[in-house]
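My numbering puts the sequence shown at residues 21 to 409.
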Amino acid sequence: MSATIAATGAQPQAIANGLKRILALALLVFLAACAAVPRGGEGPPPVVSPDPLDGMHRVALLLPLTGPDGDVGLSLANATALALSDTKSTNIQLTSYDTNLGVTAAANRAVADGNKVILGPLRGDQVLEVANIARPKNIPILSFSNDIGVAGRNVFLLGHLPNQSIDRVVRYARAKGFSRFGALVPKSTYGQRAYATVTQSVRAAGGTLVGVEEVEGGAASVDAATKRLSARGAMDVVLVADSGRAAIITIPALRRNGLRNAKILGTDLWNIDGSLASNSTMYGAWFASVSDTLYNQYAAKYRTRFGRAPLRLSSLGYDSILLMARVARNWRPGTAFPVSQLTDPQGFIGVDGAFRFMANGLTERTLEVQEIQAGKFVTIDAAPTAFTK
């Protein structure tokens, strides 16, 4: 069955004040426990004709609420429930559909139930399945994925894009006097995109890209790649475009293979790994990410209500509801979702700071630069509070 929540109250408040009210636990349990798709073999779901006169905006939430990714999906779902309470919008009806029971079935049910916009799914490889069902009905998708390959044609990405964090930290390093850049990237699609981004960013910032090496994974590959990079020539900064766990292995190899004094840069992948602050190998490294200031307030409220810390990704769920509440102010119930409002150049404010959607479906975010110090991440260059152009 599907789980439906309707928010109650008036207009959304500013983010800094909006975290004061918390959704009742009963709603959370209801959201988490329900599935949204018919059992296999039942055939297509019946078509539902919602009454536009009831004044409700129907929004579908497609997430894995059970199964291997259930913890991620539940954290996102909890965040949307919390945001529904905080925004106090009387005209948003959010219905959850468990993609672990079948992505195609979940999308079919969401469309048949009369939803006008879809939040989700979680993974990029699921987006195309959902889009094939939603596009013919002119139903936009706001996915929690950061896979730029699936964006566009009514698909918008809420996920944080790694190319933006690379560009931000490269430009910051260049402004601080670093000029000769090197990079280590994983041998993967992510690595290929990181390679392209660092090449463009270094050139745009007026630096010199001395070399880029690919890492296939494993200590032996890391050691070989760092030796090859060191042999490229002198460099005063090296970007490690990989996870925090990979960086912990990579940085010692860089030091022993000739790049002893190079400044280390990372990506926003590091922001989700709090253990880096307790590893002295990482001290002094810089990375760019969304600001944690409002997130920390949100996380404290989440922890108090739900008895556990939210996953860092869950902020996307909260912000998706803030966005729905904003759009709902000028969206007549029963009509198509006003996609044009998503590309407002002024953007939106969320737990993760200012963001806006571009016409190609990608999200632009304001980012800060953080330094890893003993026991903490410290902001050394704050994120802009709004878009200037």
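Ideal Cβ positions, reconstructed from N, Cα and C, are used throughout, including at glycine.
Item, Value
"By alpha-carbon positions, which one of Ala-320, Ser-300 and Leu-362 ends up nearest to Val-347?", "Leu-362"
"Can you confirm whether the stretch 108 to 118 touches the stretch 145 to 152 when touching is taken to mean that 3 or more C-beta pairs between the two stretches lie within less than 8 Å?", "no"
"Tell me whether Ser-300 is buried or exposed, calling it buried when 16 or more other Cβ atoms sit within 10 Å of its Cβ.", "exposed"
"Okay, do the stretch 287 to 295 and the stretch 235 to 253 touch, 3+ Cβ pairs below 8 Å being the bar?", "no"
"Rounded to the nearest angstrom, how far is the Cβ of Leu-382 from that of Leu-177, given a contact under 8 Å?", "6 Å"
"Check Arg-200 in the structure and name its three-state DSSP category.", "strand"
"Residues bridged to Val-147 by DSSP?", "Answer is none; Val-147 lacks a bridge partner."
"Would the stretch 326 to 344 count as touching the stretch 210 to 221 if we require 3 or more Cβ pairs under 8 Å?", "no"
"Keeping to the same chain, check which residues put their C-beta closer than 8 Å to that of Ser-269; ignore five residues upstream and five downstream.", "Note on identity: in this sequence residue 269 is Ile, with Ser being the wrong assignment. These residues qualify, in order along the chain: Ala-239 and Val-242."
"Taking only the alpha-carbon atoms, compute the straight-line gap between Pro-182 and Pro-160 and give it to the nearest angstrom.", "23 Å"
"Give me, in chain order, the residues of the same chain whose beta-carbon lies closer than 7 Å to that of Ala-225; leave out the 5 immediate sequence neighbours on both sides.", "Val-190, Arg-191 and Arg-194"
"Ignore the nearest five residues each way along the sequence and tell me which others in Ser-334's own chain have a CB closer than 6 Å to its CB.", "Ser-95, Leu-96 and Ala-99"
"Using a Cβ-Cβ cut-off of 8 Å (strictly less than) and excluding sequence neighbours within five positions of Pro-404, which residues of its own chain qualify?", "Ala-374 and Thr-386"
"Helix, strand or coil for Thr-124 per DSSP?", "helix"
"Comparing C-alpha positions only, which one of Tyr-322, Ile-186, Gln-366 and Glu-388 sits nearest to Lys-409?", "Gln-366"
"Is there contact between the stretch 243 to 262 and the stretch 281 to 289, where contact requires at least three CB pairs shorter than 8 Å?", "yes"
"Can you name the start and end residues of the alpha helix (DSSP H) that Ile-186 belongs to?", "182 to 195"
"Hey, quick one: how far does the alpha helix (DSSP H) through Lys-321 stretch, first residue to last?", "313 to 326"
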